[in-house]
Structure formats: C-alpha cells, structure tokens
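Residues 1065 to 1747 (this note's numbering) are what the sequence shown spells out, left to right.
From the three backbone atoms N, C-alpha and C, an ideal C-beta is built for every residue, glycine too.
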Amino acid sequence: MNFKFQTGWIMVLFLLLGNRISFSQVQADEVIEQILESVTRDLSEEHDYSELNELLDFYRKNPLNINHASREQLQELQFISPLQINTILQHRVENGMFLDPLELQSLQGFDSQTIRWLLYFVNIDPRVQSDAPSLKNLLAKGDHDLMIRFGQVLEGQSGFSSSVGATGPEYLGSALRVFTRYRYNYANSVSASLNMEKDAGEQFFSGKGNSGFDFYSGNISFRRPGLLRKLVIGDYALKFGQGLIMWSGSGFGKGAGLNTMAKQGSGLRPYSSVNEALFLRGASGTFNYKKFSLTPFLSGKKFDAALSESDQGISSMGLSGLHRTKTELGNKNRASQLVYGANIQYTGKDLNIGLTAYHTRFSLPFAPASSLYQQYNFRGNALSNAGIYYNYTYRNSYIFGEAAHSMNSGFAFINGLMSSLSSQVSLVVLYRNYAKDYHSFFNQSVSEASDAVNEQGFYSGLAIKLNPRWELFTYSDLFRFPWLKFRVDAPSAGYELLAQISYSPNKKFKLTSRFKQQVRQENSDELNDDAGLEIINKQNYRMEMIYRINDNFSLRNRAELVQFHKAPAKAEFGFLNYQDIIYDPLSSKFSGNIRFGIFDTASFNSRIYAYENDVLYAYSVPAYQGSGLRCYINGRYKIFRGLDIWLRYALINYAGQQTAGSSADLISGNQRSDFKFQLRYQF
C-alpha cells in the first residue's frame, strides 16, 4: 500500500465521517500537551513524560478544590510557580474562600496562560468528606481503572528475520508491543497501581520471557491527614529540594517559561510510569508532627548493567529497559542496588528547610573505562550522600537553593531567586556549581548536560506581560564544563538564548514565535589530535498558530526551521511544517485529531522533534530526520459509560530513500507505519 493511497484513504474517511465521527483532540488534552512543552526546553524521545501526563489527567478528572487544596497538591501540577501557590494560599487567609475560579485573574503574578491551564484542574465544589477507608468501603466505593494497549510497526524490520549465516533473528520476541495498566483509587486516600509492559522484540510467555511481561511495576499507597500522612509499599518516587541529591521519577529543567526553574519537591509519591529505571522499590512513609515531617525510605531492586571487559565490575547502567537481544537479556537484572536513608523537613509560613541523607550499596563495584574524561566517574560499590535545601518567601520574592555532598568526593550547589517585580514583570536568576567528582544516582537538578556534574552556570529569565494581548518570555544561560566530557577533550563552555513572544487578541486565536540559539564546543571532526575544539552553533526558529474557528472546529499549524553549523564545515538546515485539524464538539461519543506534516532535514544534526498526540497516557516525540511526509490520526469512541476505545495510525514516508530506519530496525522500503489499539474500562 503506497503513501498516496494511504493518505488519500485517511482523508476520504475523515470527510465521509466528519459529521458523525469527530477525529478531535479534546481541549483538556491540548492543555496537557502545552504544559509538557512548557516544562522542558526541548521535547525529545529521551525524556519520560508518562508520569506527568497521568498526574495531570488524574486532576483533570478529579479537580482540586481551590479552597482546600494543600500546598503539596498544588505543587504536583508543576506548571504553577511557588510564588503563585503562595498567592493562592495567602488569598484564602486574607480574603476567605474563592467564590469563583475566575477570581484567579485578579491575583498578582498570574498570566493569562497559567490561568487558562489552571482552570482545567481546579474547581470550588464544596469539600465532600469521604467515609473512613474501612474494608467494606474500600471494596464497595473504590474506583477501578483497567487499560490494555497493543501496538506494532506494520512493516517488517530486519531484526525480526534471519539474515544470511545467522542462526536466528536478532530480536528474540515478536514485534507486538503490549501494555496493561490497572489503577484503584478510594477518595484519593487509598490507591493501588500495577503496570505490565512488553516492548517490541521482547519475549512474551516464551524463552526467558516465560514469566509473561518483561516489566512489572506496582504499589499500594495511603494518604490521609494525621501522624502517618503517606505510606507507599512497592514502587515509589522521592522528590526533595532542587533535585541535587534525591529526585527519582521524571524531572525537567530549563523550560519555555519561568515557573519550573525552581523545583517543587512533592516528597513521596507512588510510582506510576513505565520507565524501567527511574524508581525505588520497597517501602517509604511520611510522618508529620506539627511543622516537621520525616520520610524514611528503604529500597532494594535489580537493574540492568554492562560489565567491564575483565568482568570485574559495572561499566555502565542500562536505562533503556529494552531486552530484545541476547546481549540485552544477558545484561538484564545483572546487578542489585540497596538504598536506605531519610529526609526531615521543617515547613513554616515563609521558610522551608530540609535535610536528606542516604546510603547506596551495589552488589558489584563500578569500574568505568580508563578514558581521560571518565577519570572522576564513580568507582566502588558503596556511596553515601547528604544535602540540605531551603526556600524562603519574602513579599513577592522566592529564594531557593540546595547544597549536596557525595562523601569522600565532591560538592554541588544551586541557588536562585524568583521575583514578581510587578503585576506585569517576573524575573528568575539561578547560579549552579557542580563539581566534576560529585556523584549521585538520583540527580535531576537544572543542568545543561544530562547529569548535574562537572558544570558551572548562570541562568537569568524574564517574563513580561506587555498588555492583555502580548506576552514576552526570554532567558539566557551561560555555562562551562571545567573538566573533559564525552567527545570534548578539553574544558569547554557555551551559552543558550531563548526568546518567545505570544499574541492573543482573543480566546480563539493565539500566535507564538520563538527563537532559540545553543552554542557549545566539541572535538574537531578531523583525525588530527591537535585540532582542538570546534564551536557548534544551532539555531531554531518557530512559528505556531492556534485558531478556534467555532465551537466545533479549530486549527493548529507550526513551522520550524533549524540551522546547524559546526565550523569550519558548511551550515546545514532542517525544516518542519505540520497542520492539525481538530473537531471538538461539546458532547460526542467520538473524539480524536488528524495531522499532516512535511519535513526536510540535512542530517541527524539538524533533526527536529515535535510532540504528537497519542492514545491516552501514551506519548510520541519522534525525530523528524531526512525528507518526507508525516501523518497520523487518532480516534476515540465511548462505547458506553466507563468503556472507551482508542485507535491510532501513524505513517512516515521518506523521499528518495530505499530503506527506513537503521540496524535491527531497518525496513526495506521508504515508509514506516505504526498502529495502536487501546481499551479502557472504568468501574
């Protein structure tokens, strides 16, 4: 089936059924997508967005009562700043309860975008006192949510077939992806979670996969006011301070906004993501006494590891969670990790201070390679960490920071200021200094590199509400790396600039323009060892328009241009343009959306990432690389109350190519298509 026939079939189906089936994206799901794009500076397939996606969707269906929501609950939304949270809490004390959520518009420091987002996740309904969580109530009044998802690349990939001279296919399992998810919730106080996943190429009830799914994750959690405020048994995440010492689960740094620059640790949370590495497994609880809280934690789990050539230690941890080949299966659960420690926090009216300390022990020692840039990497099988964090609110300013130390090695520091200079202007400044020998396996603080280590930097950002229609956001980040890095054989430096302006003349139309420049240093492409470092200059230009035609139809279009230049080579360019058609009726059993895109990029260096709408709780952020066309269609149908199905079909067609993909994912032909089916039952 060629590309023209497939896209033509999709268009005909859309036009014929347009009056009966709405292939649309509901507005709340659009808001979640916009929030995801705001909390991270670059959407990419390397990040895990499922945890935040699920959390926001939970509060979309179970809105927070703005008159009773705690600071911690508001922090979980992530897109509102500490100053905005303080303003909400202070308004309740000084002026009483909100009578209408639209009163948020009168509060200082709230821009129109944040208010629009917040209105999807809060309400002012009277608090409903739930019955005590007795066994009878847990069985009779709990909410159950079961979801099953199947997906597969429709074309044959080389890894699933035997090559000449090979004893069998490289991938030991089938191409089918399977995910099953179960959630139980009682009055947001008692919950249970179970995730089961099998990736494409992994065995399923066969071979080494005879236990069924390749990955299992689950927990039981309890949350109520009182001495024992939280308890999680099973898989959980801990988020404290600014993420320097303990931040498991998803984490984001520099984003297209100021609100996420000061991390807001939510402490203990049950783990719900399908990421197979970023979690703790065991038990943890939070105990409250007046203004103090104590969170002890214990975790023990196995993890994927590649051993050194001498098999004397771990050369690297496996983070992908893929177990498709003999090598990947050989590294699966090869080592184990024991973590135990505690956090104690004081929470005052304006001042919060916390201390975190823990010890990590591995069943095998770490023995990284002997490359010069790896000289300060962690070695051994035991590590102790300790740190202190703080935040202080003074009038319209919020001061925050954290200091951390990995025992017998380096220190790391981060300090910042967030200030609402006026009702129209907000400012953030942040300084960070991470030693080259600072070690932490749960480190997700703000950084230019993937880990907060071997880095010094100064960030400054400014948000200006020029008038009710125009908003400007800009930041600059200067950074340097005192020691060597991968593919950087000398100390290096760089900077990043971003400027974004939005124009919203009314609620139906929004136009956004963005410019971003990243300058850094890297080894020369020449084989000469004395060639030194070369400057890489990457610039992105983006224009996006969202237009709501009427109560049913809206359009979204984005054009993005990237220029990549590594001197002395010539600059290369990449281009992406896509059009979304959204039909959003007030009430319908059908919903979904459709996208058509065209792209042209010179190489991997000029690739462009773009968020794609997917089935519920799933996400797709592919790299548009090469030249061709991209289209996808999502559909959702409510069979009856509590039972929904989702369908997604995506196709990419490359111009002038004989193959698609690479290595074991290589496809003979110039197109790649993917299909997903999802069933959800709530009872």
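In chain order, what residues of the same chain have a beta carbon less than 7 Å from the beta carbon of residue i, not counting five sequence neighbours either side?
| i | result |
| --- | --- |
| L1119 | E1140 |
| N1395 | D1368, A1369, A1370, G1382 |
| G1412 | K1355 |
| Y1335 | S1281, N1283, D1299, Y1300, A1301, G1313, F1343 |
| K1529 | D1175, Q1488, E1535 |
| S1684 | E1676, D1678 |
Within the same chain, show all residues whose beta-carbon is closer than 6 Å to that of residue i, passing over the 5 residues directly before and after it, in chain order.
| i | result |
| --- | --- |
| F1522 | Y1495, L1542 |
| R1398 | A1369 |
| S1487 | Q1172 |
| Q1409 | S1357, G1418 |
| Q1137 | L1128 |
| L1743 | I1212, I1709 |
| L1100 | Y1113 |
| N1083 | Below a pLDDT of 50, predicted positions are generally treated as unreliable, and N1083, at 40, falls in that range; no measurement from the model is reported. |
Mind checking residue i: buried by the 16 CB within 10 Å criterion, or exposed?
| i | result |
| --- | --- |
| W1181 | buried |
| A1468 | buried |
| T1231 | exposed |
| S1727 | exposed |
| G1720 | exposed |
| I1703 | exposed |
| Q1089 | Because Q1089 carries a pLDDT of 37, less than 50, the predicted location of this residue cannot be relied on, and the following value inherits that uncertainty. Counting Cβ neighbours within 10 Å, Q1089 comes out buried, since at least 16 surround it. |
| N1531 | exposed |
| D1164 | exposed |
| H1458 | The sequence shown places Tyr at residue 1458, not His. Looking at its Cβ environment, which holds fewer than 16 other Cβ atoms inside 10 Å, Y1458 is exposed. |
Identify whether residue i lies in helix, strand or coil by the three-state DSSP scheme.
| i | result |
| --- | --- |
| D1501 | coil |
| K1630 | strand |
| W1547 | coil |
| G1394 | helix |
| P1146 | helix |
| G1699 | strand |
| N1507 | coil |
| I1099 | helix |
| G1223 | helix |
| S1114 | helix |
| H1132 | coil |
| F1475 | strand |
| E1158 | helix |
| T1324 | coil |
| I1188 | coil |
| K1740 | strand |
| I1613 | coil |
| R1694 | strand |
| R1287 | strand |
Of the choices the options, whose alpha-carbon is the least far from that of residue i?
| i | options | result |
| --- | --- | --- |
| N1455 | Y1701, Y1335, P1146, Q1142 | P1146 |
| A1347 | Y1300, Q1409, Y1559 | Y1300 |
| Y1353 | G1315, G1290, E1101, E1586 | G1290 |
| V1489 | R1578, S1732, L1619, G1173 | G1173 |
| T1151 | S1170, Q1142, L1163, D1164 | S1170 |
| G1385 | A1433, A1446, E1340, S1222 | E1340 |
| K1318 | F1143, L1202, S1379 | F1143 |
| Y1440 | L1202, S1198, D1501 | D1501 |
| G1725 | G1223, Y1113, N1187, E1167 | G1223 |
| P1432 | M1310, S1684, S1337, I1378 | I1378 |
| Y1713 | F1747, R1736, S1225 | R1736 |
| A1196 | A1516, K1205, I1188 | K1205 |
| G1315 | A1516, K1740, S1524 | A1516 |
Which partner residues of residue i appear in the DSSP bridge assignment?
| i | result |
| --- | --- |
| S1490 | S1484, A1527 |
| Q1438 | Answer is none; Q1438 lacks a bridge partner. |
| G1346 | G1298, S1363 |
| T1244 | I1212, M1260 |
| Y1605 | F1579, L1625 |
| W1710 | R1700, Q1742 |
| D1644 | R1620, R1659 |
Excluding the 5 residues preceding and the 5 following residue i in the sequence, name in chain order all residues of the same chain whose CB lies nearer than 8 Å to its CB.
| i | result |
| --- | --- |
| A1513 | E1519, F1545, K1549 |
| P1569 | R1533 |
| F1277 | V1242, T1244, M1260, E1261, K1262, F1268 |
| P1555 | R1544, F1545, P1546, W1547, L1548 |
| G1596 | A1554, S1588 |
| L1436 | L1548, D1553 |
| E1598 | Q1585, E1586, N1587, S1588, D1589, K1630, A1631, P1632 |
| T1178 | F1143, I1144, Q1148, N1323 |
| N1117 | I1096, L1100, Y1681, Y1683 |
Check whether the Cβ of residue i sits closer than 7 Å to any heavy atom of the ligand HEM, and report yes or no.
| i | result |
| --- | --- |
| R1551 | As for the ligand HEM, it is missing from this structure, which has no ligand bound. |
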